[in-house]
Amino acid sequence: MGKGKVIGIAAALAGVAAASALLVHVNADERPQAKDDLLAPAPSGKPAPAGGKGIIAGTLEPSLTYEKQNGAYVFTFTVKNQTERVQTVTFTSSKKYDYVLYRDGQKMKQFSEGKMFAQIYEERPLKQGEELSFQETFRDLEPGTYTLEWWLADPNWPNARAKATFTVE
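Just so we're aligned: the sequence shown equals residues -28 to -1, 1 to 141 in mature numbering (1 follows the signal peptide of the UniProt record, and there is no 0).
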C-alpha cells in the first residue's frame, strides 16, 4: 500500500471520528422520546400545570389525589394524554410506577424497595384525553407531615410525576 493511500485512509478515519464526536455533542442534551413522539411534539420538560384543561402539546399530565377513608389515606396517581396524538407508555417490567413516602422529611417507604419485578415488556397506547390510573392505600400512619412523590416507571416520560403533601394528626 502506498504512502498516499495510508494518508487517505487515515484522513477518512479521522473525518468519521470527528463527525461521530460532533453528533454525540449535538445530541448530548436530548432526552429519550416516547415512541409515538416521532410524529408528535416531544415531552416539554416542564411539569404539567395542575388541573389544566384542554390539550397541552407534548405532555402526559400527571396528577396525584387522595381521600381519607376510615383513617386510611387512599391515593390515586393518574397520567392523562393531553396531546393531540396517541402516545405510548412503555413498561419494561411489571413495575408500572414507583413512589417514595416521606414523613417530616425522612424517607419512610419506597414502593420498589426490596421487591423484584417480572421482566415483562408492555406498550400501552393512550388516546387523546385517555387516562392511566394507579391506586395505593396507606394505613396506620403516625402523626406528622407527609409528602408522597409518585412517578410513572417509563423513562420516556420523566415528567410524568406528581407530589402531594398532607398532615396526619
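Backbone N, C-alpha and C define an ideal beta-carbon position, used for all residues, glycine too. A quick note: this is a predicted structure, and the numbers were derived from the prediction, not measured.
Considering only the alpha carbon of each residue, which of the options lies closest to residue i?
i	options	result
Phe83	Thr109, Pro97, Asp76, Glu102	Thr109
Pro127	Lys67, Thr55, Gln54	Lys67
Thr50	Ser65, Phe106, Ile92	Phe106
Lys87	Asp70, Gly101, Thr137	Asp70
Leu98	Gln91, Asn53, Phe47, Thr31	Asn53
Thr48	Gln91, Lys135, Val140	Lys135
Glu33	Phe138, Phe89, Trp123	Trp123
Ile92	Trp129, Ala125, Glu102, Phe138	Ala125
Lys79	Thr119, Asn131, Arg133	Thr119
Ala90	Thr64, Arg96, Gly43, Tyr45	Thr64
Gly101	Glu56, Ala44, Tyr45, Gly43	Glu56
Arg96	Trp129, Tyr45, Ala44	Trp129
Thr31	Ala44, Glu141, Lys81, Asn131	Asn131
Glu121	Lys81, Asn42, Gly43	Lys81
By DSSP, does residue i sit in helix, in strand, or in coil?
i	result
Phe89	coil
Arg133	strand
Arg96	strand
Phe138	strand
Pro127	coil
Thr31	coil
Leu36	strand
Met80	strand
Leu(-7)	Residue placement at Leu(-7) is poorly supported in this model, since its pLDDT is 37, which falls under 50; the coordinates still yield a value, given next. The answer is helix: DSSP assigns Leu(-7) an H, G or I state.
If you follow the beta strand (DSSP E) that residue i is part of, which residue opens it and which one closes it?
i	result
Gly116	116 to 124
Glu103	103 to 110
(request) Entirely within the stretch 42 to 74 and at least 3 residues each: give me those beta strand (DSSP E) ranges in chain order. (result) 44 to 53, 59 to 63
(message) Counting beta carbon pairs with one atom in the stretch 74 to 92 and one in the stretch 34 to 44, are three or more of them shorter than 8 Å?
(response) no
(message) For the stretch 50 to 60 against the stretch 110 to 121, do three or more pairs of beta-carbon atoms, one drawn from each stretch, fall closer than 8 Å, so that the two count as touching?
(response) no
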